[in-house]
Amino acid sequence: MKYVVIYIGPSRVLTIVVGADPFFEAKDSGAPGAKEYVHIRIQQRNGKKSLTTVQGLKKTFSYEKILKDLKKEFCCNGTVVPDEELGGKVIQLQGDQRKNVSNFLVKAGIVKKEQIKIHGF
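For any residue, its number in the working numbering is found by taking its place in the sequence shown, counting from 1, and adding 6.
Take a look at the structure:
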């Protein structure tokens, strides 16, 4: 990196960094889901039954452990299914658990609130 120092006036100096990437910290921050969103959707089954899906979590997380905690926290059943289109995994939970899952993921520090997209109805 190069620094360019510009003298503006008495006791005022402007320093400019040349050749620096302004998004360097965002790219290499290591924050969960730093570049992508986590999508929480609801799918209607038959009648009043519904299914909540969580998609877009980083592959480094243990989906089974997250699912175990979600099932215990919200008293519902669920499963982890492979996603053929994106090559990842999707967590499925019984019932409308969109807000619960969103709050859980933020409190657990898995993702930031700005990285969650809630879809449906």
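Every residue, glycine too, gets a C-beta built ideally from N, C-alpha and C.
Since we're looking at a predicted model, the values are computed, not measured.
Roughly how many angstroms separate the alpha carbons of residue i and residue j, rounded to a whole number?
| i | j | result |
| --- | --- | --- |
| residue 89 | residue 114 | 24 Å |
| residue 121 | residue 109 | 12 Å |
| residue 64 | residue 117 | 9 Å |
| residue 51 | residue 45 | 19 Å |
| residue 76 | residue 98 | 10 Å |
| residue 54 | residue 102 | 10 Å |
| residue 43 | residue 83 | 24 Å |
| residue 70 | residue 86 | 7 Å |
| residue 125 | residue 47 | 5 Å |
Along the alpha helix (DSSP H) that carries residue i, what are the first and last residues, could you check?
| i | result |
| --- | --- |
| residue 76 | 69-80 |
| residue 107 | 104-113 |
Please report the residue range of the beta strand (DSSP E) in which residue i lies.
| i | result |
| --- | --- |
| residue 44 | 44-50 |
Answer with buried or exposed for residue i, where buried requires no fewer than 16 other C-beta atoms within 10 angstroms of its C-beta.
| i | result |
| --- | --- |
| residue 49 | exposed |
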